[in-house]
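First the structure, in the form of C-alpha cells, and then the observations on it.
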Amino acid sequence: MSDTPPAPGEGDWGEELPGYEFFGTTADKGILARGRDLPELFVNAARGLVALMVEDPGAVRPAERRPVRLSAGSREGLLVAWLSELLYLYEGEGFLASGATIGRLEETELAAEVSGEAFDPARHRAAGHVKAVTYHGLEITRDDRGWRAPIIVDV
Numbered sequence: 398m399s400d401t402p403p404a405p406g407e408g409d410w411g412e413e414l415p416g417y418e419f420f421g422t423t424a425d426k427g428i429l430a431r432g433r434d435l436p437e438l439f440v441n442a443a444r445g446l447v448a449l450m451v452e453d454p455g456a457v458r459p460a461e462r463r464p465v466r467l468s469a470g471s472r473e474g475l476l477v478a479w480l481s482e483l484l485y486l487y488e489g490e491g492f493l494a495s496g497a498t499i500g501r502l503e504e505t506e507l508a509a510e511v512s513g514e515a516f517d518p519a520r521h522r523a524a525g526h527v528k529a530v531t532y533h534g535l536e537i538t539r540d541d542r543g544w545r546a547p548i549i550v551d552v
C-alpha cells in the first residue's frame, strides 16, 4: 500500500477512512457524507451506501470496471441519481461496487468509472436492504472544512 493517499474523488473503499458516518432517523438510515471537494463527496456517499448493503465493503474486489454517465436537474438530484445507479447495479445486475473514480462532475452531469465485482453470498455478507435513495432533507453544502451532504435512504 502506498503512503500517498488517493486523490480526492478516487480510490478503493477499504483503504482509507470512510469519509461518511451514519445518523439516526425514523424508520430509515442516514448517511452524512463529506469531502474536500465534490468528487470526494460523491465517492464517500457511495462508500456509505455500500457499507449499508454489505458488512465488509473492503472485501469487495475491483475485478471489473463499469462506466457511469448521469445527468439531473440539480446537484442534489445528481447525487440521488448517482447513488440510485449504484443501487440499481447491485439490485438489478448483482454488481457490488468496491471503488469509484469521478472523471467529470459538473452542476448537473457526472461521468465516472465504478470498480467492483459480482455479489457472492459466500464472500459478501449482506448487512441490510436499501430500497431507495430519497431527497428528504438532502442539501449539499460547503463550509471551511469542505463539502457535506446528509442523505436518507429507505430501508
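For the sequence shown, position 88 matches number 485 in the numbering used here, and the numbering has no gaps at all. All C-beta atoms, glycine included, are put in the ideal place defined by N, C-alpha and C.
Notebook entry, point to check: Does DSSP put Ser481 in a helix, a strand or coil?
Noted result: helix
Next item on the list: Leaving out five residues on either side along the sequence, give the residues of the same chain with a beta carbon under 6 Å from the beta carbon of Asp400.
Entry: With a pLDDT of 48 at Asp400, under the threshold of 50, the modelled position of that residue is not reliable, and no figure is offered here.
Note to self: List, from N- to C-terminal side, the alpha helix (DSSP H) runs of 4 residues or more that fit wholly inside the segment 439-513.
What the structure shows: 472-490
Next item on the list: From the DSSP output, in three-state form, read off Glu437 for me.
Entry: helix
Notebook entry, point to check: Expressed to the nearest angstrom, what Euclidean distance is found between the alpha-carbon atoms of Phe516 and Ala529?
Noted result: 19 Å
Next item on the list: Select from Tyr487, Trp479 and Arg462 the residue whose C-alpha is nearest the C-alpha of Ala469.
Entry: When only C-alpha atoms are compared, the closest one is Trp479.
Next item on the list: Measure how close the beta-carbons of Leu435 and Trp544 come, nearest whole angstrom, since I'm counting them as under 8 Å.
Entry: 6 Å
Next item on the list: Alpha carbon to alpha carbon, how far is Ala430 from Ala508? Give it in angstroms, no decimals.
Entry: 19 Å
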